[in-house]
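Visitor:
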Amino acid sequence: MTLLTYILTLISYLSTHVFASPPEVYHNHAVWYIGNTTNPSAPNSPNVANGLTTIVNRCPYPIYIWEAHEAYQDLHPALIPARAQKSYPIKSTYPIPQHDPCIDNCGVTYKISRTASLVGGPGGNQIQFEYSTRGAILYHDISFVDCAVVTGWQEGDAKMCPGWELAVGIEGVSGGKCKNLECGVREMCIHDAQGAYYIDDPTLKWGLGAPIGTCPGYKTGTEVKFVMCASAAPIQKEES
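Per mature numbering (1 follows the signal peptide of the UniProt record, and there is no 0): the sequence shown = residues -20 to -1, 1 to 220.
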């Protein structure tokens, strides 16, 4: 590789990636749950094949996705066309510039919008699929905190959340036995230890168990699917 080719490649990479603090404070419900309900385990080993997370877009429209974690967020989103999917390796460790690397309870978030820009806060435009790992267990959740509007005690309106009108869900499809999560078609999925996050702490504020799913044994090669418009027919790639 010539020096010029290297420089052009580096510029192209930096145009879509940045190893710096995300534009807002990073918050991941799975990370919080692990940190407050489980004990620290042996650190994860870097560069271990842990399986895949797959964003499945069964919707009749394209979606945009940003990957984020404690010290990173995509500058520009990836586009997933209607009736298509995109896979990412499950991360159980990652580097944090100018700090020790994360080796335990390392959260990852996929922020999904119907537009190429993100709007946060109640009534925003992004649904978030979140996960983190500790030991041999992957913890995951669906967050509507940046799209739903709370309308009362244990009540909320998720009409601004992409995919919700045709259901969203998280499915573990291989490897360990997973506790899956689902929010049905236009459902107000505020349940005890099921459904989605409408507020950051439903246990403290509403007396409900955290809506967290788990995939024990994810290191055996689990694929975890984050499914948009889950009530629609599976796409051809899922069926193959």
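Yeah, the Cβ is synthetic: ideal placement off N, Cα and C, and Gly gets one too.
1. On the CB-based measure, 16 or more other CB atoms within 10 Å of its CB, does residue 205 come out buried or exposed?
2. Answer with buried or exposed for residue 126, where buried requires no fewer than 16 other C-beta atoms within 10 angstroms of its C-beta.
3. What are the residues that DSSP puts in a beta bridge with residue 170?
4. When we look at the beta-carbon of residue 41 and count the other beta-carbons within 10 Å, is it buried (16 or more) or exposed?
5. Take the Cβ of residue 49 as the centre, count every other Cβ of all protein chains shown within 10 Å, and call the residue buried at 16 or more, exposed below.
6. Going by DSSP, which residues form a beta bridge with residue 162?
7. Can you grab the Cα-Cα spacing for the pair residue 141 / residue 105, in whole Å?
8. For the beta strand (DSSP E) containing residue 10, list its first residue and its last residue.
9. Taking 8 Å as the cut-off, does the stretch 183 to 193 touch the stretch 161 to 175 (at least 3 CB pairs, one atom from each stretch)?
10. Tell me whether the stretch 129 to 136 and the stretch 84 to 101 touch, counting them as touching only if at least three CB pairs, one residue from each stretch, are closer than 8 Å.
11. Taking all protein chains shown into account, decide if residue 36 is buried (16 or more other Cβ within 10 angstroms of its Cβ) or exposed.
12. Among the candidates 157, 39 and 211, whose CA atom is the shortest distance from the CA of residue 61?
13. Nearest by alpha-carbon distance to residue 94: which of 115, 17, 44 and 23 is it?
14. Could you tell me which residues DSSP puts in a beta bridge with residue 273?
15. Please classify residue 71 as buried or exposed, where buried requires at least 16 neighbouring CB atoms within 10 angstroms.
16. What distance in whole Å lies between the Cβ atoms of residue 51 and residue 119, which are believed to be in contact at a cut-off of 8 Å?
17. Let me confirm a value: residue 78 is counted as buried when at least 16 other C-beta atoms fall within 10 Å, else exposed. Which label applies?
18. Whose C-alpha, out of 157, 63 and 96, is nearest the C-alpha of residue 216?
19. Who are the Cβ neighbours of residue 18 in its own chain at under 6 Å, not counting the five residues just before and after it?
20. From residue -11 to residue 57, what distance separates their C-alpha atoms?
21. If you run the structure through DSSP and keep just helix, strand and coil, what is residue 2?
22. Please classify residue 180 as buried or exposed, where buried requires at least 16 other C-beta atoms within 10 Å of its C-beta.
23. Excluding the 5 residues flanking residue 96 on each side, which residues of the same chain have their C-beta closer than 7 Å to its C-beta?
24. Note the first and the last residue of the continuous alpha helix (DSSP H) segment covering residue 185.
25. Measuring straight from C-alpha to C-alpha, what distance separates residue 30 and residue 128?
Guide: So, from the listed chains and residues:
1. Buried, since its Cβ has 16 or more Cβ neighbours within 10 Å.
2. buried
3. Under DSSP, residue 170 shares a beta bridge with 175.
4. exposed
5. buried
6. 149
7. 6 Å
8. Here residue 10 belongs to no beta strand (DSSP E); instead the alpha helix (DSSP H) covers 9 to 17.
9. yes
10. no
11. Under this definition residue 36 is a buried residue.
12. The candidate whose alpha carbon is nearest that of residue 61 is 39.
13. 44
14. A question about residue 273 goes unanswered here, because the residues of the chain that appear run from -20 up to 220.
15. Buried: at least 16 other Cβ atoms inside 10 Å.
16. Not quite, the Cβ-Cβ distance comes to about 20 Å (not below 8 Å), so this is no contact.
17. exposed
18. 63
19. 114
20. Low local confidence applies: a pLDDT of 42 at residue -11 is under 50, so the model's placement there is unreliable, with the coordinate-based value given in what follows. So the alpha carbons of these two residues sit roughly 18 Å apart.
21. With a pLDDT of only 44 at residue 2, under 50, the local geometry of the prediction cannot be trusted, and the value read off the model is given with reservation. If DSSP states are grouped into helix, strand and coil, residue 2 belongs with coil.
22. exposed
23. 44 and 57
24. 182 to 186
25. 32 Å
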